[in-house]
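Structure first, commentary second.
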Amino acid sequence: MPKTRKSPKVSTETRPKFAIAIMAAGKGMRLKSRHPKVLHQVGGKPMLAYVVAAASRVVPVADVYAIIGYEADRVRDAVSGMGINFVLQEPQRGTGHALMVARDALAGYDHVIVLSGDVPLLWWQTIEQLRDFHLAEKAAMTILTAEVADPQHYGRILRRRAAGPEVQAIVEEGKATAAERELREINSGIYVFAVKPLYRYIDRLGTDNKHKEYYLTDMAALLVKAGERVVASMAADPHAVLGSNTRAELAALDARLRAWKCADLMQQGVTIYYPHTCVIDMEVEVGADTVIEPYVQLLGRTRVGADCRLQSYSVLSDCELGDGVWIKPGCVLETSRIRSRAQLGPYTHLRPGCDIGEEVHMGNFVEAKKSKLGRGSKANHLSYLGDSVIGQNVNVGAGTITCNYDGQRKHQTVIEDGAFIGSDATLVAPLRIGKNAYVAAGSSITEDVPDEALGIARSRQANKEGWVKQRAEAAKKESS
Ligand code: UD1
Ligand code: CA
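If you're matching positions, the sequence shown starts at 6 in this note's numbering and goes up one per residue.
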């Protein structure tokens, strides 16, 4: 019998349309800062960037709206590259007001997930779970809650019954009774609303509170009163919903993120001694078998290869390291590339734009800027190399200085393969030192040195025989 093919089931249910609104308009009074709260950094990135990234995993970026107000331009600029929309809240009259302002933007959606720009550790999976819970419960408002040891400053959740998801109200700390303050289930400031009931009742919010603001938290009691269903879901990990209203809270979030980052790197085969002393930004990548000693900072988009050794007190920002690189203590390296098996430090300073070749050695107190060193070249002591192109197997003697600046413009120094620059040479750019050429120690070189030549530019030494004795005798005569 021939198999009959069943026609695929067509779902009559259309998928509800979700938007995500991120509240990011507040000033953040308790940080005592000139800068908007959501731009304060944890793990090396503004808090808002984490929230936007999580939101963009749950809905298309075109459906993400950041509500901005205080220093709106700066906040917009900080995340504009991520492709989201912005709604301006001016003036900022509370979290309830933030959603009032977003009414038109959200009109075309069935549900809106509301996130706080100052709750950066929230996992996107938690947002999805909350969304699914909201749909399953057919709720008008779903609140993400957490049970915390110290609920101070958070809104508290009043459940209708001890067991069961239904919520009676959210009470803000300022209005809570002594008994309510004992409640340890807190409002995370993260919600899902059905758009229709939200905007049917939002205008009923009042400002009868300490700050004379419209509190979004009051929507819970309002909706309940109107006969709508309000439920709560408790986050499995209370740390994921921690806010950052004070510098101390900010530091706690930062420490948590960085501890997590170190754990993740160790999981990938990186050795980190005293990980709690290392400052490693979230985007940093490190290869297996690399050893990171105490008090190392790896910042920005730094990428470190395998089998490297990064010694104490070195700070690397936006650097790319090959494999087997050895960074000795106290190096400061910015926006540069360091190729495999190079050795830098102690106390090497690379300013932006350096390209350090394989097996290069750069030592104590060598500073370089926009300079390229070819494979196997050495600059081991006390030098400044600026705007220079240095070939392979060049030896740059101690104290060598490229004079790249004439007071008005910068000039380039080219040193060809195999050249030997004696100690304490000043190389006045623009200049070319030829292949295998020598520069005599102590020279001030102002003209090109041809291949295989010796450049020497210093006055001849004269020895005055018997000079010490003659002087002593002259002094004796004078005094007698
Ligand atoms: C809020 C909740 C509180 C909850 C806590 C969780 C209210 C009234 N209270 O308190 O129940 O426990 O979050 O972290 O909502 N914002 C705007 N526009 C405004 C005011 C604030 O966009 O006019 C933004 C802020 O930038 C911030 C977020 O909303 O990202 C939360 O505001 P915040 O002032 O930090 O509220 P909390 O006092 O923490
Ligand atoms: Ca907050």
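A virtual CB, placed ideally from N, CA and C, is assigned to each residue, including glycine.
Predicted, not measured: the structure shown is a model, and the values here were computed from it.
- In this structure ALA112 is not in contact with ASN90, their Cβ atoms being roughly 13 Å apart against a cut-off of 8 Å.
- Contact between ILE72 and ALA30 holds: CB atoms are separated by about 5 Å, below the 8 Å threshold.
- Under the DSSP assignment, CYS267 falls outside any beta strand (DSSP E), being part of the alpha helix (DSSP H) whose first and last residues are 252-272.
- In terms of Cβ geometry, VAL197 and GLY122 do not form a close pair [threshold 8 Å].
- Contact between the segment 229-246 and the segment 132-142 is present, with at least three C-beta pairs closer than 8 Å.
- In terms of side-chain proximity, the C-beta atom of GLY179 is found no nearer than 7 Å to any non-hydrogen atom of ligand 2.
- Comparing C-alpha distances from ILE450 to each of ILE175, LYS469, VAL419 shows the shortest one belongs to VAL419.
- A distance below 7 Å between beta-carbons, with the five flanking residues on each side excluded, links VAL176 to the following residues of its chain, in chain order: GLY160, ARG161, LEU163, GLU185.
- Runs of the beta strand (DSSP E) lying entirely within the segment 166-234, each at least 3 residues long, are 172-176, 190-199 in chain order.
- Secondary structure at HIS354: strand, using DSSP grouped into helix, strand and coil.
- CA-to-CA, the gap between TRP331 and LEU338 works out to about 13 Å.
- For TYR55, the enclosing alpha helix (DSSP H) has its first and last residue at 52-63.
- With fewer than 16 neighbouring CB atoms inside 10 Å of its own CB, GLU483 falls in the exposed class.
- Distance between LEU349 and GLN316, taken at the CA atoms: about 10 Å.
- Leaving aside the five residues that flank ALA174 on each side, the residues in its chain whose CB is nearer than 6 Å to its CB run, in chain order, LEU163, ALA225, ALA226.
- Note that the C-beta distance between THR295 and CYS313 is below 8 Å.
- Secondary structure of HIS416 (DSSP, three-state): coil.
- Selection GLU76, VAL172, GLN397, ALA168 evaluated against ALA442 yields GLN397 as nearest (Cα-Cα).
- When distances are taken from the beta-carbon of ASP123 to the heavy atoms of ligand 2, the shortest one is below 7 Å.
- The continuous stretches of alpha helix (DSSP H) do not include MET146, which lies in the beta strand (DSSP E) extending over residues 146-152.
- Contact annotation: the segment 385-404 touches the segment 416-435, with at least three C-beta pairs closer than 8 Å.
- Nearest neighbour of GLY391 by Cα position, chosen from ILE406, GLN94, MET146, turns out to be ILE406.
- Within the same chain, and ignoring the five residues on either side of VAL64 in sequence, the residues whose Cβ sits closer than 6 Å to its Cβ are PHE23, ILE25.
- Look at the segment 58-146 and you find these whole runs of alpha helix (DSSP H), each 4 residues long or longer: 77-84, 100-106, 108-111, 129-142.
- Not one heavy atom of ligand 2 falls within 7 Å of the beta-carbon of ASN369.
- GLU363 sits in coil when the DSSP states are folded into three classes, being neither helix nor strand.
- As computed with DSSP, MET34 is found in no beta bridge at all.
- For GLN273, same chain residues with a beta-carbon under 8 Å away, outside a window of 5 residues either side, are VAL291, ALA293 in chain order.
- Pairing LEU255 with VAL47 gives a Cβ-Cβ distance under 8 Å.
- Residue pairing for ASN369: DSSP places it in a beta bridge opposite HIS386.
- Here CYS283 is actually not in contact with VAL309; their C-beta atoms are around 12 Å apart, not less than 8 Å.
- With respect to the C-alpha of LYS217, the residue from ILE195, TYR206, LEU247, GLY179 having the closest C-alpha is GLY179.
- Shown here, VAL291 sits in a strand according to DSSP, grouped into three states.
- Not one heavy atom of ligand 1 lies closer than 7 Å to the C-beta of ARG164.
- Here GLN348 carries a strand assignment [DSSP, helix/strand/coil].
- With a beta-carbon spacing of about 14 Å, GLU190 and THR222 fall beyond the 8 Å limit used to define contacts.
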